[in-house]
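According to this note's numbering, the sequence shown is numbered sequentially starting from 247.
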Amino acid sequence: MRALLILANSLVVILLLLVGLIPHVDPRHWWPLGFLALGFPWLLLLTLLFLLFWLIRRRYRWTLISLVGIILSLGPIRAFMSFHIDTHAGDPKPANMLKVMSWNVHLFNFFDNKKNPTVKQDMIELIHKEDPDIACFQEFFFCDTLAHPYSIQSFRHALGFPYYAVAYEWYADSRYNNTIYHYGVIIFSKYPILQQTNIIGKERKYNDVFEYADIVTPLDTFRVFNVHLQSLHFDKRDYAFLDNPSLSEGDSAKRQSRNILGKIKSGLLRRADQADVVHEVIEHSPNPVIVCGDFNDVPNSYAYATIHDGLKDAFREKGSGWSRTFSQISPTLRIDYILFDPSYNAFQYSCTPRVLSDHFPITATIYDPGNENPEEDHLPVK
Numbered sequence: 247m248r249a250l251l252i253l254a255n256s257l258v259v260i261l262l263l264l265v266g267l268i269p270h271v272d273p274r275h276w277w278p279l280g281f282l283a284l285g286f287p288w289l290l291l292l293t294l295l296f297l298l299f300w301l302i303r304r305r306y307r308w309t310l311i312s313l314v315g316i317i318l319s320l321g322p323i324r325a326f327m328s329f330h331i332d333t334h335a336g337d338p339k340p341a342n343m344l345k346v347m348s349w350n351v352h353l354f355n356f357f358d359n360k361k362n363p364t365v366k367q368d369m370i371e372l373i374h375k376e377d378p379d380i381a382c383f384q385e386f387f388f389c390d391t392l393a394h395p396y397s398i399q400s401f402r403h404a405l406g407f408p409y410y411a412v413a414y415e416w417y418a419d420s421r422y423n424n425t426i427y428h429y430g431v432i433i434f435s436k437y438p439i440l441q442q443t444n445i446i447g448k449e450r451k452y453n454d455v456f457e458y459a460d461i462v463t464p465l466d467t468f469r470v471f472n473v474h475l476q477s478l479h480f481d482k483r484d485y486a487f488l489d490n491p492s493l494s495e496g497d498s499a500k501r502q503s504r505n506i507l508g509k510i511k512s513g514l515l516r517r518a519d520q521a522d523v524v525h526e527v528i529e530h531s532p533n534p535v536i537v538c539g540d541f542n543d544v545p546n547s548y549a550y551a552t553i554h555d556g557l558k559d560a561f562r563e564k565g566s567g568w569s570r571t572f573s574q575i576s577p578t579l580r581i582d583y584i585l586f587d588p589s590y591n592a593f594q595y596s597c598t599p600r601v602l603s604d605h606f607p608i609t610a611t612i613y614d615p616g617n618e619n620p621e622e623d624h625l626p627v628k
């Protein structure tokens, strides 16, 4: 029995250590490794349980298996969890700072608006409460009819942003009730936008258009990226199976499993392509950058590591816990990010766990470290 436990402990630790390789292994060369990133929290939990088991049994030499695994996995652990205590949550934003929001707004509840008519307004009120200087939204759904409640002009008026930059996938346009709607990403800003550039992928599929805009803020002129990487395209049957696999049996369960694994594989490969494109554009930016987006991938992934390269992650700088940003599948999923130029520091990071979209909104406030006491700056931005 002891030999089996030692073997199981060793196997779990080996898998845990393999997660540390994932950011450095291109999934287009070996995609199976990418699956492990999704299981990292559970591998870490099992490693800790084995450690506790050996301690209780006073088999101290076998605790070394888990201890070595944990020590060698500090990098992936730090990407997954943050241990800061946010003492500034809810505080007004000092004037020398810039507050940024990223949120996959899931069409602002367009298709369920009749069933849940208050959700859109609740989302708008939440954005008002957060009061960001720059807001990046993914899965933004809008039409060109000026007076329509889902027009950009209506959102500008409701949210109070004078400037915006939008990018949409014209090949994904939809027609409802004789009105054409566009699907894409949008940047709203309180500050002037100098220029905007759209980055359109080769495959002309959903989640294949990104944008950046040069925005003149009191802090600096930033190149702000709004990124929405390839999603898994899970449908209701996929989510139901993941929530309760026992609902399917035999061949049905096998088909459903293969379908889900195929979608995960396809997403891994497509996001690798997209991440390389985004990283290259970031590398050539003449201005300090801020990257907001729904990466549809976890922190211990190739896509995240590629885009994060050379940047700071607001969560890792000022977050706490594991900051779940997706409301389904697993309580550990952080797939939405705010990254920024390393010459700036994070003052605050927060995630608001309200189920208004399938994603939770995240915000970060950054400042110039040349100001040594940002808390003492006296005039909040209105």
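We treat Cβ as the ideally placed atom computed from N, Cα and C, and that holds for glycine.
Confirm, please, whether the CB-CB distance from Ile445 to Phe456 is below 9 Å. As a working note, residue 456 is residue 210 in the sequence shown. As a working note, residue 445 is residue 199 in the sequence shown. Against a cut-off of 9 Å, the Cβ pair of Ile445 and Phe456 comes out as a contact.
Considering Cα atoms alone, identify which of Arg570, Leu585, Gly567 is closest to Ile553. What you label residue 553 is simply residue 307 of the sequence shown in a count that begins at 1. The shortest Cα separation from Ile553 among Arg570, Leu585, Gly567 belongs to Leu585.
Is there contact here, the stretch 343-352 with the stretch 528-543, by at least three beta-carbon pairs under 8 Å? yes
Classify Met247 as buried or exposed, calling it buried when 16 or more other Cβ atoms lie within 10 Å of its own Cβ. Counted from its first residue, the sequence shown places residue 247 at position 1. With fewer than 16 other Cβ atoms within 10 Å, it is exposed.
For Glu457, list the residues DSSP reports as bridge partners. Residue numbering aside, residue 457 sits at position 211 when the sequence shown is read from its first letter. Glu457 pairs with Asn444, Asn472.
In its own chain, which residues sit with a C-beta less than 6 Å from the C-beta of Pro577, not counting the 5 before and 5 after it? Start at 1 with the first residue of the sequence shown, and residue 577 comes out as number 331. Taken in chain order, the residues that qualify are Arg570.
So for Asn255, helix, strand or coil by DSSP? Taking the sequence shown and counting its residues from 1, one reaches residue 255 at position 9. Three-state result, Asn255: helix.
Contiguous beta strand (DSSP E) assignments of at least 3 residues, all confined to the stretch 576-605: 582-586, 591-597
With a threshold of 16 other CB atoms inside 10 Å of the CB of Tyr548, please say whether the residue is buried or exposed. Position 302 of the sequence shown, counting from 1, holds the residue named residue 548. Tyr548 is buried by the Cβ-count criterion.
Can you list, in chain order, the residues of its chain with a C-beta nearer than 6 Å to that of Pro599? Leave out the 5 residues immediately preceding and following it. Taking the sequence shown and counting its residues from 1, one reaches residue 599 at position 353. The answer, listed in chain order, is Phe606.
Can you tell me which residues form a DSSP beta bridge with Arg558? The residue labelled residue 558 in the question sits at position 312 within the sequence shown. Residue 558 is actually Lys in this sequence, not Arg. Paired residue(s): Phe586.
Which listed residue (Trp276, Ala325, Phe471, Pro534) has its alpha carbon closest to that of Phe286: On the sequence shown, residue 286 is found 40 positions in, with the first residue counted as 1. Measuring from the Cα of Phe286, the nearest candidate turns out to be Ala325.
Which same chain residues, not among the five before or five after Arg483, have their C-beta less than 8 Å away from its C-beta? The residue labelled residue 483 in the question sits at position 237 within the sequence shown. So the qualifying residues of the chain are Gln502.
Can you tell which of Tyr613, Leu257, Leu279 has the C-alpha that lies nearest to the C-alpha of Leu515? Here residue 515 is taken as the residue at index 269 of the sequence shown, counted from 1. For the residues Tyr613, Leu257, Leu279, the minimum Cα distance to Leu515 belongs to Leu279.
Please classify His275 as buried or exposed, where buried requires at least 16 other C-beta atoms within 10 Å of its C-beta. Walking along the sequence shown from the start, residue 275 turns up at place 29. The residue in question, His275, is exposed, as its Cβ has fewer than 16 Cβ neighbours within 10 Å.
Under the assumption that Ser531 contacts Arg469 (Cβ atoms under 8 Å), give the Cβ distance between them as a whole number of angstroms. Position 285 of the sequence shown, counted from the start, is the residue given in the question as residue 531. Position 223 of the sequence shown, counted from the start, is the residue given in the question as residue 469. Rounded, the Cβ-Cβ distance is 5 Å, consistent with contact.
From which residue to which residue does the beta strand (DSSP E) around Arg421 run? Taking the first residue of the sequence shown as 1, we reach residue 421 at position 175. Note, Arg421: beta strand (DSSP E), 420-422.
Say whether the stretch 550-565 touches the stretch 294-306, bearing in mind that this needs 3 or more beta-carbon pairs closer than 8 Å, one atom from each stretch. no
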